[in-house]
Ligand code: FEO
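In this note's numbering, the protein residues as written are 216 to 607.
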């Protein structure tokens, strides 16, 4: 994309990555992504806010071709999808300084080899004048790295939020045009990247509440002309109260676990608990992560494989433990041949989750009448737990 004006003196000149399908070697990107960089020009100084992923270096440098001088590169976040082209920008503009938090300085030096004399570190709430425009830096540690900050452009009331409020979504339009599509992409982004830092984000939300924000310009996905759309969505996602929903992530080898899961889903449905069911043999882990944002109960379904749970079930438990969703209850359903400890083994994999572990249902081989009855009772028990907690 060529540079586009988003406000007077503010250009968007990053890159859209339509074809990227995986991030961090892990996260599926069904809709691609973008690496947004912004140029803010005052009547005395000019600042570039973030760069782009190294794979899009040429796009950014081409977009900077008409920019004769640059005083500052604001680095909100040292992860390379935003910082990776800083060395090339510094080479193009020998006078430019990298503005970042003290924590980011060390990370950028180590990862990118930026020389010490090119840094200008700032403190929380420090301002930088570009003449008739003022950048205010607000530290947001652990959103989602320890060095992260955001920038508020006072005169235009724009919050440049970097990853925060972002979405992995490639589109030609600069701003949100389809709220449903952006909601899904932003929730996926939150689930995969931000959810482990939910309580930190709760505190950081207070910082931006004090600001008059008329636009949020993240570093991935479209710009929000109506900031309340994404801010209210975040408030819902980061709240401590889950919804009356169960997520079931399961894998089955010879069908026993599968029929047990089907019975549990029926029991939950009969007790008015909506279920999000994922067969781990072929599931988008991004969709699983999205479902974990709101779920009150997590169910892992697995057969025993040799002396442990199925590796795909273990991987789902590991993922849930890493993402730290707000779920209140967890349990396990599965079958075994000789290892009866799969429930304890999975429970040991989720120490980060503050959940009450409900009695599992496991059986040897295929389930029988008593196992189906136990699954009916588990569904009813989950529903009672949700009702007692007044979840809706
Ligand atoms: Fe978009 Fe944390 O990098």
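From the three backbone atoms N, C-alpha and C, an ideal C-beta is built for every residue, glycine too.
Since the structure is predicted, the reported quantities are computational estimates derived from the model, not experimental observations.
Roughly how many angstroms lie between the CA atoms of residue i and residue j, to the nearest whole one?
i	j	result
residue 410	residue 361	15 Å
residue 389	residue 315	26 Å
residue 323	residue 293	6 Å
residue 570	residue 520	25 Å
residue 498	residue 265	34 Å
residue 375	residue 325	25 Å
residue 335	residue 430	26 Å
residue 474	residue 549	10 Å
residue 604	residue 557	28 Å
residue 290	residue 299	10 Å
residue 311	residue 286	4 Å
residue 581	residue 552	10 Å
residue 574	residue 589	10 Å
residue 391	residue 439	6 Å
residue 562	residue 479	19 Å
residue 467	residue 518	6 Å
residue 607	residue 457	8 Å
residue 353	residue 428	13 Å
residue 471	residue 243	29 Å
residue 347	residue 367	14 Å
residue 329	residue 363	17 Å
residue 613	residue 239	One cannot answer for residue 613 here, as it falls past the ends of the chain, which runs 216 to 607.
residue 237	residue 585	44 Å
residue 339	residue 422	11 Å
Assuming the contact rule is C-beta atoms closer than 8 Å, residue i and residue j should be a hit. Round their C-beta distance to whole Å, please.
i	j	result
residue 350	residue 252	15 Å between Cβ atoms; not a contact.
residue 225	residue 371	6 Å
residue 516	residue 476	5 Å
residue 327	residue 255	The pair is not a contact, with the Cβ atoms about 22 Å apart (cut-off 8 Å).
residue 385	residue 231	5 Å
residue 398	residue 420	Not confirmed; about 18 Å, so no contact.
residue 619	residue 358	Look at the range of the chain in this structure, 216 to 607, and you will see that residue 619 is not part of it.
residue 504	residue 403	7 Å
residue 464	residue 531	4 Å
residue 601	residue 459	5 Å
residue 228	residue 279	7 Å
residue 400	residue 246	6 Å
residue 554	residue 522	5 Å
residue 527	residue 495	4 Å
Taking CB distances under 8 Å as the criterion, tell me whether residue i reaches chain B.
i	result
residue 444	No chain B is present in this structure, which holds just one protein chain.
Worksheet item: Would the segment 505-525 and the segment 540-553 be scored as touching if the rule is three or more Cβ pairs under 8 Å?
Response: yes
Worksheet entry | Stretch pair the segment 374-381 + the segment 431-449: three plus CB contacts closer than 8 Å | Contact between the segment 374-381 and the segment 431-449 is present, because at least three Cβ pairs lie under 8 Å.
Fill in: 4-residue-minimum alpha helix (DSSP H) runs that sit fully inside the segment 412-489, ordered along the chain
413-424, 442-453, 471-485, all fully within the segment 412-489.
Item to complete: Ignoring anything shorter than 4 residues or poking outside the segment 246-334, list the alpha helix (DSSP H) runs there in chain order.
Response: 272-278, 295-298, 301-307, 317-327
Worksheet item: Is there contact here, the segment 482-491 with the segment 532-540, by at least three beta-carbon pairs under 8 Å?
Response: The segment 482-491 vs the segment 532-540: no contact.
Worksheet item: For the ligand FEO, which residues have a Cβ under 5 Å from at least one heavy atom, in chain order?
Response: Cβ-based neighbours of the ligand FEO within the cut-off: 294, 296, 378.
Discussion item. Does the contact criterion of 3 or more C-beta pairs under 8 Å hold for the segment 590-597 versus the segment 557-572?
Written reply: no
Discussion item. Using a Cβ distance threshold of 8 Å, determine whether the segment 220-237 contacts the segment 301-316, with at least three qualifying pairs required.
Written reply: no
Practice prompt. Ignoring anything shorter than 3 residues or poking outside the segment 332-390, list the beta strand (DSSP E) runs there in chain order.
Written response: 334-336, 342-344, 349-354, 364-368, 373-377
Fill in: Whole alpha helix (DSSP H) elements within the segment 500-581, 4-residue minimum
500-509, 526-538, 557-562
Item to complete: Pair every Cβ in the segment 410-422 with every Cβ in the segment 450-461, then say whether three or more of these pairs are closer than 8 Å.
Response: yes
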